[in-house]
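Taken in sequence, the protein lines are chains A and B. Residue numbers for the first sequence follow this note's numbering, beginning at 3 and rising by one. Residue numbers for the second sequence follow this note's numbering, beginning at 3 and rising by one. Glycine is no exception: its CB is placed at the ideal position from the N, C-alpha and C atoms. Report on one structure; see the data block that follows.
Number of protein chains: 2
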Amino acid sequence: MRISGLAATTGVAVATLKYYLREGLLPPGTATSRTQATYDEAHVSRVRLVRALTESAGLSLGAVREVLAALDDPPPSRHDLLGAAHHALVAAEGRGRPGGDEQDTARRRARELVAERGWCDDPLLVDRLAEQLRAADAAGVVVSDDYLRSLAAAADLVAAADLTTVQLEPAAALRQVVVGTLLTDPLVLTLRRMAQVRASQEVFGA
Amino acid sequence: MRISGLAATTGVAVATLKYYLREGLLPPGTATSRTQATYDEAHVSRVRLVRALTESAGLSLGAVREVLAALDDPPPSRHDLLGAAHHALVAAEGRGRPGGDEQDTARRRARELVAERGWCDDPLLVDRLAEQLRAADAAGVVVSDDYLRSLAAAADLVAAADLTTVQLEPAAALRQVVVGTLLTDPLVLTLRRMAQVRASQEVFGA
DNA sequence: GACATTGGAGAGTAGCACTGTCCAATAATG
DNA sequence: CATTATTGGACAGTGCTACTCTCCAATGTC
């Protein structure tokens with residue numbers, strides 16, 4: 003299949019595919035001559051992956067590049083695998099400023115929750131959580147300890163479900179965790195909206 | 003307080019505040035002369051709200067405008083209140099294409115889940131869910147029925163917790179639901195990451 | 001009275017994700 | 001074999017967003 007075929011089967015414009023090639027998001031096809039190359043099924047699924055990550059998960063092309071790099075270079079042992087997966091997930095999203103003095107209360111709350119749940123205390127994730135708590139507070143949104151605990155309990159449920167989808171083969175597991183998590187993030191939020199509508203109908207009547 | 007004071011207390015540049023004034027995201031201050039106006043605490047919290055929605059919730063300024071319009075014009079009855087809240091939430095996020103033929107299977111799955119859960123069948127939310135299922139499928143991510151059901155159960159937990167934060171006063175309730183949901187969306191995803199790390203450590207050992 | 005600040009308006013900028021145009025080399029077609 | 005189409009490659013241009021800069025006369029401050 004040549005580039006026009008790749009464009010036809012994926013529904014992505016030829017110019018865009020060339021752009022992805024330039025940006026290193028898509029590996030070059032196998033050259034058959036100086037001005038011709040062919041592309042295979044791997045290219046098709048790679049293009050579909052890029053589109054899903056940008057359109058559905060809302061990642062920037064830079065973030066997609068980070069994810070693809072992690073997927074293309076899986077760690078050998080299963081021990082490092084999930085660590086690599088989460089490194090990729092955290093790298094794909096923003097880093098967030100380290101935060102100033104006013105964020106210390108939020109960081110303390112974040113650490114308390116993590117300790118209570120027995121979660122890891124990855125500083126990147128803790129800082130992210132602290133920043134989000136601070137933003138909510140700055141916007142005048144009350145996030146009580148009880149409420150936060152309820153969200154954490156639900157997160158444990160989601161994570162338990164996530165793990166059941168993991169295959170044993172390392173490369174497939176990495177892909178499933180990283181891509182699966184990124185693509186189901188918006189799905190989780192949509193389900194939250196749906197459940198909210200239902201719950202509010204119950205409380206406030208029809 | 004004049005505009006430089008507003009800039010100092012919120013940490014937002016004067017030029018940016020002027021831009022927000024021009025764009026209607028910030029109501030004009032009370033004019034004390036032809037070239038002078040003063041701003042109060044309401045302006046401070048409005049600026050903080052705009053920053054929280056853009057920086058933390060990742061909304062565009064257009065989406066922020068929709069949210070603010072909904073908050074500034076609360077419906078009179080409590081009956082319409084949550085409906086208005088969800089209209090604001092759905093309007094704040096993208097609409098998403100109606101989807102073609104290939105999305106029909108995904109839409110059927112979405113409707114099945116909604117029916118099973120007894121959730122509302124708001125076509126906007128159902129279409130969104132269908133589009134997300136289609137994207138996951140296109141990217142080669144398997145989303146089993148069991149897995150989807152687990153996510154839905156967790157969403158019900160989150161929604162139940164969300165409702166406990168709602169005050170009885172209509173304006174405060176609207177604000178809490180809309181802004182609270184938008185700002186805790188990223189928080190929920192961060193908690194998911196944390197719980198995943200912990201769960202994977204349990205399964206795969208240290 | 002000297003100097004800084006303000007509100008208002010418009011133009012300019014940076015980054016992102018494409019998209020359009022051009023080219024010589026090659027492939028497909030009659 | 002001549003003609004037409006397509007390809008890979010490079011680069012400039014586009015549309016959008018979220019600012020940021022510059023300018024101005026009017027006003028405030030020292």
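Since residue i sits in a beta bridge, which residues does DSSP pair it with?
i: B/Q38; result: B/S35
Between the Cα of residue i and those of the options, spot the shortest distance and give me the residue it belongs to.
i: A/D139; options: B/R50, B/T37, B/D42; result: B/R50
i: A/G13; options: A/G60, A/R53, A/P76; result: A/R53
i: B/A87; options: B/R177, B/D124, B/R195; result: B/R177
i: B/T183; options: B/L115, B/V143, B/A94; result: B/A94
i: B/L55; options: A/T192, A/D123, A/Y149, A/R136; result: A/R136
i: A/V168; options: B/R109, B/E25, B/T34, B/V145; result: B/V145
i: A/P77; options: A/V116, A/Q38, A/A173, A/E68; result: A/A173
i: A/V205; options: B/L165, B/R110, B/V205; result: B/L165
i: A/V66; options: A/R110, A/L185, A/T107; result: A/L185
i: A/V92; options: A/A108, A/D129, A/R109; result: A/D129
i: A/D147; options: A/P125, A/R110, A/R48, A/A141; result: A/R110
In whole angstroms, what is the alpha-carbon distance linking residue i and residue j?
i: A/V180; j: B/E171; result: 42 Å
i: A/P29; j: A/A201; result: 47 Å
i: B/G2; j: B/R195; result: Nothing in the structure corresponds to residue 2 of chain B, since chain B is present only between 3 and 208.
i: A/V160; j: B/T11; result: 39 Å
i: A/L127; j: A/G64; result: 20 Å
i: B/A112; j: A/A90; result: 29 Å
i: B/G31; j: A/C122; result: 47 Å
i: B/T18; j: B/A59; result: 19 Å
i: B/R151; j: A/G26; result: 37 Å
i: A/A175; j: B/R4; result: 56 Å
i: A/A15; j: A/E68; result: 23 Å
i: A/Y149; j: A/R24; result: 47 Å
i: A/Q38; j: A/D75; result: 28 Å
i: B/A33; j: B/V46; result: 17 Å
i: A/Q203; j: A/E43; result: 47 Å
i: A/T107; j: A/E118; result: 17 Å
i: B/S6; j: A/V143; result: 26 Å
i: B/L61; j: A/V199; result: 21 Å
i: B/A187; j: A/Y22; result: As written in the sequence, residue 187 of chain B is Asp, which differs from the Ala given in the question. Computed Cα separation, rounded: 30 Å.
i: A/D124; j: B/D124; result: 39 Å
i: B/E57; j: B/K20; result: 18 Å
i: B/R48; j: A/G85; result: 40 Å
i: A/S79; j: B/A141; result: 25 Å
i: B/S35; j: B/L83; result: 39 Å
Residue i and residue j look like a contact to me (Cβ under 8 Å); what is the Cβ gap, rounded to whole Å?
i: B/Q134; j: A/L189; result: 5 Å
i: A/Y41; j: A/L8; result: 5 Å
i: B/T192; j: A/L131; result: 5 Å
i: A/A157; j: B/A197; result: 4 Å
i: A/A154; j: A/L115; result: 6 Å
Please find out if some non-hydrogen atom of the ligand GDP comes closer than 7 Å to the beta-carbon of residue i.
i: A/R24; result: The model on display carries no ligand, and the ligand GDP is accordingly not part of it.
- Message: If the cut-off is 8 Å on Cβ atoms, which residues from the stretch 191-203 of chain A count as contacting chain B, listed in chain order?
- Response: L191, T192, L193, R194, R195, M196, A197, Q198, V199, R200, A201, S202, Q203
- Query: At a Cβ cut of 9 Å, what residues of the stretch 154-171 of chain A count as close to chain B, listed as they run along the chain?
  - Reply: A154, A155, A156, A157, D158, L159, V160, A161, A162, A163, D164, L165, T166, T167, V168
- Item | Residues within the stretch 130-149 of chain B neighbouring chain A, beta-carbon criterion of under 8 Å | R130, L131, E133, Q134, L135, A137, A138, A140, A141, G142, V143, V144, V145, S146, D148, Y149
- Using a beta-carbon distance cut-off of less than 7 Å, what residues from the stretch 24-53 of chain B approach chain A? S47, R50, L51
- Which residues, in order along the stretch 3-18 of chain B, keep a beta-carbon less than 7 Å from a beta-carbon of chain A? none
- Can you give me, in chain order, the residues of the stretch 55-74 of chain A that have a beta carbon less than 9 Å from any beta carbon in chain B? L55, E57, S58, A59, G60
- Residues in the stretch 171-183 of chain B having any Cβ partner in chain A nearer than 9 Å: R177, Q178, V179, V181, G182, T183
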